[in-house]
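A.B. asks: Oh and the sequence shown: position 252 is 253 in the numbering used here, straight run, nothing missing.
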Amino acid sequence: MDTSKKLIVFLMLLGSCFRTIAQDTFPTSFTVSKDGSGDFETIQAAINAVRDFSEPVVTIHIKKGVYHEKLVVPSWKTKVFLLGEDKAQTVISNGDYSGKAGFNTYNSYTLLVQGNDFRAENLSIENTAGLVGQAVALHGEGDRMVVKNCRILGNQDTLFPAVDTSRQYYVDCYIEGTTDFIFGAATVVFERCQIYSKKNSYITAASTSPAQAYGFVFIDCKLTAEPGLAKVYLGRPWRPYANIVFINTEMDSHILPAGWSAWNKNDNHKTSFYAEYGSKGPGGSPLARIPWSKQLSKKEVKAYTLIKIFSGKSLWKPEQ
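1. My assumption, with CB atoms under 8 Å, is that A187 sits in contact with S210. Please give the rounded CB distance.
2. Taking Cβ positions, are W261 and Y234 nearer each other than 8 Å?
3. Give me, in chain order, the residues of the same chain whose beta-carbon lies closer than 8 Å to that of T106; leave out the 5 immediate sequence neighbours on both sides.
4. What beta strand (DSSP E) runs, 3 residues minimum, are completely inside the segment 204 to 273?
5. Please report how far the alpha carbon of Y278 lies from the alpha carbon of I48, in whole angstroms.
6. Using 8 Å as the threshold, is the C-beta distance between V59 and G116 below it?
7. Give the DSSP-derived three-state secondary structure of T26 in the structure shown.
8. Tell me the DSSP secondary structure of E86 in three-state form.
9. Give me the Cβ distance between Q321 and K149, rounded to the nearest whole Å; I'm assuming they're in contact under 8 Å.
10. Tell me whether the beta-carbon of S273 lies closer than 8 Å to the beta-carbon of P238.
11. Run the proximity test for F104: is its beta-carbon closer than 7 Å to any non-hydrogen atom belonging to the ligand COA?
12. So if DSSP puts T91 in a beta bridge, which residue, or which two residues, is it bridged to?
13. Give a yes or no on whether the C-beta atoms belonging to G216 and N249 are separated by under 8 Å.
14. Comparing C-alpha positions only, which one of F54, K35, S55, F184 sits nearest to A46?
15. If we ignore side chains and look at the alpha-carbon of each, how far apart do G85 and G313 end up?
16. Could you work out which residue in S76, G39, K78, S55 is closest to H62 when comparing CA atoms only?
17. So, at 7 Å on beta carbons, what are the nonlocal neighbours of F247 in its own chain, with the 5 sequence-adjacent residues on each side left out?
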C-alpha cells in the first residue's frame with residue numbers, strides 16, 4: 002500500500018473515532034423527577050440539554066408528578082421524546098389564556114412544539130385557565146409530530162395543530178374541550194381517540210390552506226360528552242378551505258343531526274370540505290346532514306391511509 006492510500010485509511014479511521022467520541026458526548030436519554038432523583042427537576046431543563054438538531058431520538062423520561070411549567074421545544078431541538086411514567090399522574094400544567102396580561106391565543110400554550118420529529122407518550126398536557134376564553138394546552142408547529150396515549154385537557158381552543166407545513170398523528174389519546182377545541186391548519190390524523198365535549202358548541206375549527214389535500218382526519222374515534230349535552234356540531238370552518246373528515250367514528254347523541262355549521266355569517270362553508278364515512282351511533286345521521294357536507298363512497302375513503310394523508314413533500318408513515 003503506497004503512502005497516499007495509507008494516509009486516506011488513517012484519516013478515515015480517525016474520523017470514525019471522532020464520530021464515536023462525539024456520539025458518546027451527547028446523551029440520548031434523561032430523567033426528570035421533582036424529588037431530585039433524576040438528571041433534572043424540570044422538563045424544560047431536560048429539553049434544553051438535548052443536543053441541537055439531534056440525529057438520534059433523545060428520550061426524556063418524566064416521573065410522576067404535576068409539572069407547573071410553560072414548555073417550549075424550539076425548532077433546533079429535534080427528535081425530542083417526552084415519555085411519562087403514567088398518563089394520568091404525569092401532568093404538564095399551566096394556566097395562561099387570551100386576555101391575561103401579555104397573552105393571546107397563540108402564546109397561551111402550556112406546551113409549544115416547534116422542533117421536528119417530536120413525540121409524546123403516557124402523559125397529560127393541561128391548560129387550567131378555565132372558562133375564560135381561548136386557552137391552549139398543546140400548540141404544535143413541528144413536522145412529523147406523534148402524540149400517543151396522552152390526555153390533552155382544557156376548554157376553548159385546547160389543541161392547536163397550528164401551521165400548514167406540519168404533519169401530526171394522535172393515537173389512543175383523550176382530548177377534551179368546549180368551543181373550537183381542535184383548531185388550526187396542520188394535516189392531522191386522530192386514530193382511536195376519545196373526543197370529549199364539555200359544552201354545547203363546536204368540536205373543530207380548521208383553517209386548512211387551499212394547497213393541502215388533507216386537513217383533520219378522524220379514524221375509528223369516539224365522540225362523547227358530559228351528560229345532558231345535545232347541541233354539539235362536528236365543526237365549523239375557521240377559514241374558507243377548512244378540510245375535516247370523520248371515518249368510522251362513533252358519535253353519541255350530543256352531535257346534532259345537521260352535523261356541521263357555517264362560521265357566523267360568512268361564506269367559508271362554500272369552499273370547505275366536510276365529509277364522513279361510516280359514522281355510527283346516535284349522532285351518526287348521514288341522511289340528516291347539511292347539504293354542503295359530503296358522505297364519502299367506498300372508493301373515495303381508500304384515499305385516507307396514513308401514507309397518502311402524510312405523503313406531502315416527503316414520505317412519512319408514523320410509527321405507532
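Idealized CB from N, CA, C, for every residue including glycine.
C.D. replies: The answer reads as follows:
1. The Cβ separation is near 10 Å, so there is no contact.
2. Taking 8 Å as the Cβ cut-off, W261 and Y234 qualify as a contacting pair.
3. Here T106 has S99, Q135, V137, D158, F161 as same chain residues with Cβ atoms under 8 Å from its own Cβ, once five neighbours each way along the sequence are excluded.
4. Within the segment 204 to 273, the runs of beta strand (DSSP E) at least 3 residues long that lie entirely inside it are, in chain order, 217 to 220, 223 to 226, 234 to 236, 244 to 248.
5. When rounded, the distance between both Cα atoms is 40 Å.
6. At least 8 Å separates the beta-carbon of V59 from that of G116.
7. Per DSSP, reduced to three states, the secondary structure at T26 is helical.
8. Correct three-state label for E86: coil.
9. The pair is a contact, with the Cβ atoms about 7 Å apart (cut-off 8 Å).
10. A contact, by the Cβ cut-off of 8 Å.
11. You won't find the ligand COA in this model; it holds no ligand whatsoever.
12. Partner(s): G66.
13. Not in contact: G216 and N249 (Cβ atoms no closer than 8 Å).
14. The option with the nearest alpha carbon to A46 is K35.
15. Approximately 30 Å between the Cα atoms of the pair.
16. Nearest of S76, G39, K78, S55 to H62, Cα basis: G39.
17. Once the five neighbours on either side are set aside, the close Cβ partners of F247 are F219, L235, E277, S280.
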